[in-house]
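Q: Residue numbers (UniProt numbering), protein chains in the order written: chain A, 1 to 300; chain B, 1 to 300.
Number of protein chains: 2
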Amino acid sequence: MKNSGGRQKSILLSKPLLFSCIRPYGKGVDVAAPDTSITRASELLDAYEDEYNGVIIDPQSLPDNANAFADVLQSSLVSWKLEGKKGVWLKILEQQAGLVPIALKQGFSYHHAEKGYVMLTYWIPDEPCVLPSTSTHQIGVGAFVMNENKEVLVVIEKKCPLRCSGMWKLPTGLINKSEEIFNGAIREVKEETGIETTFLEVVAFRHAHQVAFDKSDLFFVCMLKPLTLQINIDESEIEEAKWMALEEFLGLPFHRDDKLLRRITSICIAKYQNKYQGFTAQCMMSKFDDRLTYLYHGCL
Amino acid sequence: MKNSGGRQKSILLSKPLLFSCIRPYGKGVDVAAPDTSITRASELLDAYEDEYNGVIIDPQSLPDNANAFADVLQSSLVSWKLEGKKGVWLKILEQQAGLVPIALKQGFSYHHAEKGYVMLTYWIPDEPCVLPSTSTHQIGVGAFVMNENKEVLVVIEKKCPLRCSGMWKLPTGLINKSEEIFNGAIREVKEETGIETTFLEVVAFRHAHQVAFDKSDLFFVCMLKPLTLQINIDESEIEEAKWMALEEFLGLPFHRDDKLLRRITSICIAKYQNKYQGFTAQCMMSKFDDRLTYLYHGCL
Numbered sequence: 001m002k003n004s005g006g007r008q009k010s011i012l013l014s015k016p017l018l019f020s021c022i023r024p025y026g027k028g029v030d031v032a033a034p035d036t037s038i039t040r041a042s043e044l045l046d047a048y049e050d051e052y053n054g055v056i057i058d059p060q061s062l063p064d065n066a067n068a069f070a071d072v073l074q075s076s077l078v079s080w081k082l083e084g085k086k087g088v089w090l091k092i093l094e095q096q097a098g099l100v101p102i103a104l105k106q107g108f109s110y111h112h113a114e115k116g117y118v119m120l121t122y123w124i125p126d127e128p129c130v131l132p133s134t135s136t137h138q139i140g141v142g143a144f145v146m147n148e149n150k151e152v153l154v155v156i157e158k159k160c161p162l163r164c165s166g167m168w169k170l171p172t173g174l175i176n177k178s179e180e181i182f183n184g185a186i187r188e189v190k191e192e193t194g195i196e197t198t199f200l201e202v203v204a205f206r207h208a209h210q211v212a213f214d215k216s217d218l219f220f221v222c223m224l225k226p227l228t229l230q231i232n233i234d235e236s237e238i239e240e241a242k243w244m245a246l247e248e249f250l251g252l253p254f255h256r257d258d259k260l261l262r263r264i265t266s267i268c269i270a271k272y273q274n275k276y277q278g279f280t281a282q283c284m285m286s287k288f289d290d291r292l293t294y295l296y297h298g299c300l
Numbered sequence: 001m002k003n004s005g006g007r008q009k010s011i012l013l014s015k016p017l018l019f020s021c022i023r024p025y026g027k028g029v030d031v032a033a034p035d036t037s038i039t040r041a042s043e044l045l046d047a048y049e050d051e052y053n054g055v056i057i058d059p060q061s062l063p064d065n066a067n068a069f070a071d072v073l074q075s076s077l078v079s080w081k082l083e084g085k086k087g088v089w090l091k092i093l094e095q096q097a098g099l100v101p102i103a104l105k106q107g108f109s110y111h112h113a114e115k116g117y118v119m120l121t122y123w124i125p126d127e128p129c130v131l132p133s134t135s136t137h138q139i140g141v142g143a144f145v146m147n148e149n150k151e152v153l154v155v156i157e158k159k160c161p162l163r164c165s166g167m168w169k170l171p172t173g174l175i176n177k178s179e180e181i182f183n184g185a186i187r188e189v190k191e192e193t194g195i196e197t198t199f200l201e202v203v204a205f206r207h208a209h210q211v212a213f214d215k216s217d218l219f220f221v222c223m224l225k226p227l228t229l230q231i232n233i234d235e236s237e238i239e240e241a242k243w244m245a246l247e248e249f250l251g252l253p254f255h256r257d258d259k260l261l262r263r264i265t266s267i268c269i270a271k272y273q274n275k276y277q278g279f280t281a282q283c284m285m286s287k288f289d290d291r292l293t294y295l296y297h298g299c300l
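(1) Say whether chain A places a C-beta atom closer than 7 angstroms to the C-beta of GLN277(B).
(2) Kindly indicate which three-state DSSP category LEU229(A) falls into: helix, strand or coil?
(3) Measure the C-alpha to C-alpha separation of HIS137(A) and GLU240(A) and round it to an integer number of angstroms.
(4) With a cut-off of 8 angstroms on the beta carbons, I'd call VAL152(A) and PHE249(A) a contact; round off their distance for me.
(5) Which bits of chain A does PHE205(B) rub up against, with CB to CB less than 7 angstroms?
(6) How long is the line joining the alpha carbons of GLU180(A) and GLU127(A), rounded to whole angstroms?
(7) For the beta strand (DSSP E) containing ALA241(A), list its first residue and its last residue.
(8) Going by the C-beta, is GLU188(B) closer than 6 angstroms to any heavy atom of the ligand PLP?
(9) Between the stretch 251-271 of chain B and chain A, which residues of the former have a C-beta closer than 8 angstroms to a C-beta of the latter?
(10) Going along chain B, which residues have a C-beta under 8 angstroms from PRO63(A)?
(11) Checking 7 angstroms against the spacing of the C-beta atoms, do LEU45(A) and SER79(A) come in under that value?
(12) Taking 7 angstroms as the cut-off, decide whether the C-beta atoms of GLY166(B) and VAL221(B) are in contact.
(13) Beta carbons nearer than 8 angstroms to chain B: which residues of the stretch 62-91 of chain A have them?
(14) How about LEU120(A) and GLY87(A): are their beta carbons less than 7 angstroms apart?
(15) Can you find the residues in the same chain that come closer than 8 angstroms, C-beta to C-beta, to HIS297(A), ignoring five residues on each side of it along the sequence?
(16) Could you name the residues of the same chain whose beta carbon sits closer than 8 angstroms to that of ARG256(B), not counting the 5 residues immediately before and after it, in chain order?
(17) Could you tell me the distance, in whole angstroms, from the CA atom of PHE182(A) to the CA atom of ASP71(B)?
(18) Give the secondary structure of LYS15(B) by DSSP, where H, G and I count as helix, E and B as strand, and everything else as coil.
(19) If you draw a straight line from the alpha carbon of SER133(A) to that of THR228(A), how long is it in whole angstroms?
(20) Give me the DSSP bridge partner(s) of ASP217(A).
(21) Could you list which residues in chain A have their beta carbon closer than 7 angstroms to that of THR293(B), in chain order?
(22) Under 7 angstroms between the Cβ atoms of PRO59(B) and LEU104(B)?
(23) For LEU90(B), which three-state DSSP category applies?
(24) Curious, which full-length alpha helix (DSSP H) runs of at least 4 residues does the stretch 47-113 of chain B contain?
(25) Tell me the residue span of the alpha helix (DSSP H) that contains residue 302(A).
(26) Once you ignore the five residues that flank ASN147(A) on each side, which residues in its own chain have a CB closer than 8 angstroms to its CB?
(27) Which residues in the same chain as ALA299(A) place their Cβ atom closer than 7 angstroms to its Cβ, once the five residues preceding and following it in sequence are excluded?
(28) What did DSSP end up calling CYS268(A) once you bin it into helix, strand or coil?
(29) Which residues in the same chain have their Cβ closer than 6 angstroms to the Cβ of ASN210(A), if we skip the five residues on either side of it in sequence?
(30) What residues of chain A sit near TYR110(B), judged by a beta carbon separation below 8 angstroms?
(31) Count the other C-beta atoms from every protein chain shown that fall within 10 angstroms of the C-beta of ASN274(B), then say buried if there are 16 or more, exposed otherwise.
(32) Within 10 Å of its beta-carbon, does THR115(A) have 16 or more other beta-carbons around it, so buried, or fewer, so exposed?
(33) Using only the alpha-carbon positions, how far apart do PHE108(A) and SER236(B) sit?
(34) Would you list the residues sitting across from ILE156(A) in a DSSP beta bridge?
(35) Give the interface partners of PHE249(B) over in chain A, defined as CB-CB distance under 7 angstroms, in chain order.
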């Protein structure tokens, strides 16, 4: 599909646009007179260009006044079209939410939103839009923690849906923003049970679709090694936690009846017996984006 | 962190709320008189409950009129608070974007947005919000495709950022909504080069943060086996594609200087020589959510 072609379509602020870009409104200035045309041909919204011949409008440059915004947005679009620009990115902060309907009316679409702002986009060319879509996945982690007595760390969640109410299960959770996968697993175990662990391997991952808000879900099963044994639960989230004999865990009805969970447990047991190899995490620098990131891979 | 505690916090419509819920406005009805109080104590927004004692407002039940919406939203929040409800989900379609500032004013926050709508949330209890965050990741794929002459399939992208302009690289891309990882890799190779392939293994994955819109990125390296050899490029995306001798690929300046890429290539070569084991994908049913999903794991 056209909107997923390029890999490096992240939106990066680069240099200010070289084309005419006169700032018509100071930061936070409210242009109060709605019936006065304040937009001249030379007045455009402040903007930066991205790496794809697109335009990123400076959210601080938006007038508070609706009519002024409608005028300057229209002029800016005309100008950018003449200059052959492609995608236009418009971030509108929460305090200026009244401008959103105006942008939508001029052909912008919602792209994504976060606490505090909404991002809208406009595709200028008369060809299919190739702007990247917003994020598509949430990332979950599950932790298999077994002690030297072959007991598995299990919990009963307080806030789980009815179908798993009162059920013993592995500690799980969603990773936080910008959190590493293995750190998320270690944190969830610590939060839910008080047990300290170290990361061994990602032994498997599951990919599910249409989970939350029609988005997808990647769930990484992490094998962790316990460093402590004393359980101390988070009472706001967890009903109960304990070390359960592996045989008892394998015999739980939910485990017995669930092929996916059985496969995951078999893998974890094989790993425990040194008969399986998952992926470890190695911190590496890439020249491509000058970032230190983790590469997860098997043993070479 | 509190907002990532539970694993199963997907929002599912369940049964209509059992508490009083009289529909005051028909679908699409515009309540035109802004100065008339049309909200009685018994008039609340249509809503459903979720599995976490939360409330999901029916987007079709929102009045178009701003004052009417402000009144009924306020009454509904009072009622839901009395009933001990927790999170409130409010989806506002694009055509009613004028209601967004009203909801924000009453304490709602942006949660996420997609083409056509914005989702807002409100946390009623006097305790930290535990509503799940929106999706946090985009998922990329890269394909290592080597033929029997030890030639690697490489491309030069047309729309890449300046820093990789004119550079030979592996075919890459973002997966589509609800697309399987290996299918995304097969599709990208087919789109960019015309080469048909089958999936062998996910040999590694990289986790990068603060990539697009401050979101994270998981990039899965897939080993694919070519089924055809005749290259036929997508001229809108690709400048050039060819089979490049492995030795030549290894000697490319960008490859030589990039530790991460060198590691990935070493893994792929080891896999080609049957000296490495990555993760294959197995389609399985889970009783937990009655879904057929793919579990990626090594050889047991």
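Note that CB positions come from ideal geometry on N, CA and C, so glycine has one too. Quick caveat, the model's predicted, so the values are computed rather than measured.
A: So, from the data block:
(1) Here residue 277(B) corresponds to residue number 277 of the second sequence, with the count starting at 1. In terms of beta-carbon proximity, GLN277(B) lines the interface with chain A, with at least one pair separated by less than 7 angstroms.
(2) Counting from 1 along the first sequence, the entry for residue 229(A) is found at position 229. DSSP, read as helix, strand or coil, puts LEU229(A) in coil.
(3) On the first sequence, position 137 is the one that residue 137(A) refers to. On the first sequence, position 240 is the one that residue 240(A) refers to. Rounded to whole angstroms, HIS137(A) to GLU240(A) spans 30 angstroms at the Cα level.
(4) By 1-based counting over the first sequence, the position of residue 152(A) is 152. By 1-based counting over the first sequence, the position of residue 249(A) is 249. The beta carbons of VAL152(A) and PHE249(A) sit about 5 angstroms from each other, so the pair counts as a contact at 8 angstroms.
(5) In the second sequence, residue 205(B) corresponds to position 205, counting from 1. Within 7 angstroms Cβ-Cβ: TYR296.
(6) In the first sequence, the residue the question calls residue 180(A) occupies position 180. In the first sequence, the residue the question calls residue 127(A) occupies position 127. The straight-line gap from Cα to Cα measures roughly 38 angstroms.
(7) Numbered from its first residue, the first sequence carries residue 241(A) at position 241. For ALA241(A), the enclosing beta strand (DSSP E) has its first and last residue at 238-245.
(8) Only the bare structure without any ligand can be found here, which leaves the ligand PLP out of the picture.
(9) So the list reads PHE254, ASP257, ASP258, LYS259, LEU260, LEU261, ARG263, ILE264, SER266, ILE267 and ALA270, given in the order they occur along the chain.
(10) By one-based count along the first sequence, residue 63(A) stands at place 63. Going along chain B, no residue has its Cβ under 8 angstroms from PRO63(A), so there is no contact; the nearest lies around 16 angstroms.
(11) Indexing the first sequence from 1 puts residue 45(A) at position 45. Indexing the first sequence from 1 puts residue 79(A) at position 79. LEU45(A) is not a Cβ neighbour of SER79(A), given a cutoff of 7 angstroms.
(12) Locating residue 166(B) in the second sequence gives position 166, where the first residue counts as 1. Locating residue 221(B) in the second sequence gives position 221, where the first residue counts as 1. Cβ atoms of GLY166(B) and VAL221(B): not closer than 7 angstroms.
(13) Flagged: no residues at all.
(14) If you number the first sequence from 1, residue 120(A) lands on position 120. If you number the first sequence from 1, residue 87(A) lands on position 87. Contact flag unset, no.
(15) Translated into positions along the first sequence, residue 297(A) becomes position 297. Close CB contacts of HIS297(A) within its chain, under the 8 angstroms cut and outside five residues either way in sequence, are with PHE279, THR280 and GLN282 (chain order).
(16) Position 256 of the second sequence, counting from 1, holds the residue named residue 256(B). The residues are LEU250 and ARG262.
(17) Numbered from 1 along the first sequence, position 182 holds the residue referred to as residue 182(A). Numbered from 1 along the second sequence, position 71 holds the residue referred to as residue 71(B). Within the model, the alpha-carbon separation for PHE182(A) versus ASP71(B) is close to 47 angstroms.
(18) On the second sequence, position 15 is the one that residue 15(B) refers to. Its pLDDT being 26, under 50, LYS15(B) is placed unreliably in this model, and the value from its coordinates should be taken loosely. Here DSSP, grouped into helix, strand and coil, assigns LYS15(B) to coil.
(19) As a position in the first sequence, residue 133(A) is number 133, starting the count at 1. As a position in the first sequence, residue 228(A) is number 228, starting the count at 1. Approximately 43 angstroms, taken between the alpha carbons.
(20) Numbered from its first residue, the first sequence carries residue 217(A) at position 217. For ASP217(A), which the question treats as bridged, DSSP gives the partners GLN138(A) and ALA208(A).
(21) Counted from its first residue, the second sequence places residue 293(B) at position 293. Near THR293(B) (Cβ distances below 7 angstroms), the residues of chain A are ARG206, HIS207 and ALA208.
(22) One-based indexing of the second sequence puts residue 59(B) at position 59. One-based indexing of the second sequence puts residue 104(B) at position 104. Going by C-beta atoms, PRO59(B) is not nearer than 7 angstroms to LEU104(B).
(23) Here residue 90(B) refers to the residue found at position 90 of the second sequence. Reduced to three states, the DSSP call for LEU90(B) is strand.
(24) Complete alpha helix (DSSP H) runs here, min 4: 66-82 and 100-105.
(25) As displayed, chain A neither begins before 1 nor continues past 300, which places residue 302(A) out of reach and without an answer.
(26) One-based indexing of the first sequence puts residue 147(A) at position 147. Non-local beta-carbon contacts of ASN147(A) in its own chain, meaning distances under 8 angstroms to residues more than five positions away in sequence, involve LEU153, PRO226, LEU229 and TRP243 in chain order.
(27) Here residue 299(A) is taken as the residue at index 299 of the first sequence, counted from 1. According to the sequence displayed, residue 299(A) carries Cys and not Ala. The residues are GLN277.
(28) Here residue 268(A) is taken as the residue at index 268 of the first sequence, counted from 1. In the structure shown, CYS268(A) sits in a helix (DSSP, three-state: H, G or I).
(29) Within the first sequence, the letter at position 210 stands for residue 210(A). Note on residue identity: the sequence assigns Gln, not Asn, to residue 210(A). Excluding the 5 residues flanking it on each side, GLN210(A) has no same chain C-beta neighbour closer than 6 angstroms.
(30) As a position in the second sequence, residue 110(B) is number 110, starting the count at 1. Chain A residues near TYR110(B): GLU94, ALA113, GLU114, LYS115, GLY116, TYR117 and VAL118.
(31) Mapped onto the second sequence, residue 274(B) falls at position 274. Burial call: exposed.
(32) Working through the first sequence from its first residue, we reach residue 115(A) at position 115. According to the sequence shown, residue 115(A) is Lys rather than Thr. LYS115(A) is exposed by the Cβ-count criterion.
(33) One-based indexing of the first sequence puts residue 108(A) at position 108. One-based indexing of the second sequence puts residue 236(B) at position 236. Taking the straight line from one Cα to the other gives about 24 angstroms.
(34) Counting from one through the first sequence, the residue named residue 156(A) turns up at place 156. Under the DSSP definition of a beta bridge, ILE156(A) partners with GLU240(A).
(35) Taking the first residue of the second sequence as position 1, residue 249(B) is located at position 249. Think of a sphere of 7 angstroms around the beta carbon of PHE249(B): no beta carbon from chain A falls inside it, the nearest being about 15 angstroms out.
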